[in-house]
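Residue numbers (this note's numbering): 33 to 415.
We put the CB at the ideal spot given by N, CA and C, even for glycine.
This structure is a prediction, so every number in the text was calculated from the model and none was measured.
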């Protein structure tokens, strides 16, 4: 069964491409003093990867044009979103810039661009579940946590929503994902251990175990967790996804058996043996592309994955060891001032999180462990 069979295509519309012009850039430069981000009205750092058109014109002064995508907003009307020219300039300047673009000479702007500056909850005030430390039962997700981007907000909404729902029905166990389980886990962990100086975006480079977090194995990593949480048994679509996952795992298990039987394991390290070559071998021809890619990747990366899993196993004891509620970092002799300040501010839930705080070193963690061993009998005490 192919992707189209599982997820039928919906009606499509065409996007077009145009570009800004020298005339538009001149209008922008002449009115920079009227833009909040340049006039001083807004002092915060904007999103690095979504610069405004005035920011592009200033940063790349040698460029005579910048690409703009014209994206229809609906199948039913003529509204078009101009992707690539976000702006906080006054309306009259935006009119000039848009109408200077080829194909947009007679355009009418329905909604003008604007700049917004918003407050956020510092990392030290939220748990990895999305729940605030100051108000129990209040969960945050999205920009209020200092992030930028639709996927980032959706990921936080999923974590916060699952935890809020579990709390509402009396479930005590928190739902979190590890840094080795999902990019969502990396995102949530970063949010509670780092103090962003600009809106946070998620990148693969932020994950130290990204070899395990491939897009092809996302169903294998996350479907069992979704099933355990009861997210797949309440709807026909959920049950269908579970059925497809079980079929997929059976196919991948059979693929592993065929690879061993064909004695081709040694060929996976070669540059000339890819997914296409695997698909040409007897027994693999009828396999869907997605399963074929995973079967190849699991064997191709096997030595490196094994090494990463061993590393994760070694560090898991520290990662999962929870910091007792009574622990007072101010009472630990020898703890460096920088580490003490970070630990008191953030109150990390685990020692894995503590080790990722800026200013906390392995030596600091060792001191804390010694302190805990000496004060083991205080488990029932309060700080």
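Between residue 208 and residue 155, the CB-CB gap reaches or exceeds 8 Å.
Ranked by Cα distance from residue 366, the first of 176, 272, 400 is 400.
For residue 290, the enclosing alpha helix (DSSP H) begins and ends at 268-293.
Look at residue 171 here: in three-state DSSP terms it is strand. Residue 102 carries a strand assignment under DSSP once its states are collapsed to helix, strand and coil. For the pair residue 76 and residue 147, the Cα-to-Cα distance works out to about 11 Å. For residue 202, the closest C-alpha among the options 210, 216, 169, 219 is that of 169. Per DSSP, residue 215 is not a residue of any beta strand (DSSP E); the alpha helix (DSSP H) it occupies stretches across 215-225. By the CB criterion at 8 Å, residue 115 and residue 128 fall outside the cutoff.
Assigned with DSSP and collapsed to three states, residue 183 falls in helix.
Contact check for residue 404 and residue 386: beta-carbon distance about 12 Å, past the 8 Å limit, so the pair fails to qualify. In this model, residue 253 and residue 211 are separated by some 12 Å (Cα to Cα). In the three-state reduction of the DSSP assignment, residue 241 falls in the coil class. For residue 348, the enclosing alpha helix (DSSP H) covers residues 334-352.
Cβ contact annotation for residue 157 (same chain, cutoff 8 Å, sequence separation greater than five): 164, 165, 166, in chain order. DSSP places residue 48 inside the beta strand (DSSP E), whose first and last residues are 48-51. It is roughly 6 Å from the alpha-carbon of residue 355 to the alpha-carbon of residue 383. Residue environment analysis places residue 321 among the exposed positions, since fewer than 16 neighbouring C-beta atoms fall within 10 angstroms of its C-beta. Sequence-distant partners of residue 123 (beyond 5 residues in either direction) whose C-beta falls short of 6 Å from its own C-beta, in its chain, are 144. Distance check between residue 109 and each of 275, 235, 45 places 45 closest, using alpha-carbon atoms only. Residue 42 is not a Cβ neighbour of residue 60, given a cutoff of 8 Å.
For residue 376, the enclosing alpha helix (DSSP H) covers residues 369-378.
For residue 63, the secondary structure class from DSSP, reduced to helix, strand or coil, is coil.
With 16 or more neighbouring CB atoms inside 10 Å of its own CB, residue 221 falls in the buried class. Secondary structure note for residue 403: its alpha helix (DSSP H) is the uninterrupted segment 394-406.
For residue 115, DSSP records a beta bridge to 101.
Ranking 229, 190, 274, 250 by CA distance to the CA of residue 325 puts 250 first. About 7 Å separates the Cβ atoms of residue 223 and residue 232, confirming a contact at the 8 Å cut-off. Annotation: the continuous alpha helix (DSSP H) that includes residue 70 extends over 68-71.
Take residue 190, set aside five residues on each side of it, and the residues of its chain with a beta-carbon closer than 8 Å to its own are 216, in chain order. Per DSSP, reduced to three states, the secondary structure at residue 232 is strand. With at least 16 other beta carbons inside 10 angstroms of its own, residue 89 counts as buried.
Contact annotation, residue 184 with residue 219: C-beta distance approximately 6 Å; criterion of less than 8 Å satisfied.
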